[in-house]
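Residue numbers (the numbering used here): 163 to 314.
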């Protein structure tokens with residue numbers, strides 16, 4: 163659970179700008195969030211402490227943001243549309259618009275995201291808003307199952 167929050171808390175920093183010497187691949191950072199977010203379900207399923215939470219797959223299927231997250235993760239993992247999608251429509255690829263800023267020294271450039279959209283069953287969505295909704299959905303699920311968490 164901590165990994166999801168860690169990845170989520172990186173998103174505002176990534177949106178504001180990443181210096182290339184510290185990674186700098188914005189699309190990979192977005193993918194990293196959705197991958198970790200979706201795979202929380204595997205940790206829940208495999209952890210003996212949560213053995214009573216056997217409804218996690220049904221929860222994902224009934225929660226639009228997590229359905230989309232699952233499909234994004236699988237599409238990115240397999241590099242093409244997977245045969246089994248959870249959404250009513252397979253999500254598209256990330257459409258990222260970014261700006262590179264160069265500081266006065268010339269070598270202190272950074273890349274910031276102006277917009278990051280993905281086409282989903284609900285239309286074009288902001289990846290950052292979708293990420294927030296995913297985290298909120300996991301928080302709701304965990305609380306409904308008696309798990310205290312620091313999810314929003």
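Note that the Cβ used here is the ideal one computed from N, Cα and C, for glycine as well.
Asked: Residue of 238, 268, 177 and 266 minimising C-alpha distance to residue 274; Found: 177
Asked: Cutoff 6 angstroms; reference residue 249; Cβ partners in own chain excluding five residues on either side; Found: 229, 230, 233 and 283
Asked: Residue 276: first and last residue of the uninterrupted beta strand (DSSP E) it sits in; Found: 272 to 282
Asked: Proximity test, residue 235 beta-carbon vs the ligand ADP heavy atom, cut-off 8 angstroms; Found: The ligand ADP is not among the ligands present in this structure, which contains no ligands whatsoever.
Asked: Pair within 9 angstroms by beta-carbon distance, residue 256 and residue 278; Found: yes
Asked: As assigned by DSSP and simplified to three states, the class of residue 288; Found: strand
Asked: Under the three-state DSSP convention, the category residue 250 falls into; Found: coil
Asked: Backbone CA spacing between residue 271 and residue 187 [nearest angstrom]; Found: 13 angstroms
Asked: First through last residue of the alpha helix (DSSP H) which encompasses residue 263; Found: Not the alpha helix (DSSP H): residue 263 falls in the beta strand (DSSP E), residues 257 to 263.
Asked: Same chain, Cβ closer than 6 angstroms to residue 281, neighbours up to 5 away in sequence not counted; Found: 254
Asked: Exposure label - residue 166; buried when at least 16 CB within 10 Å; Found: buried
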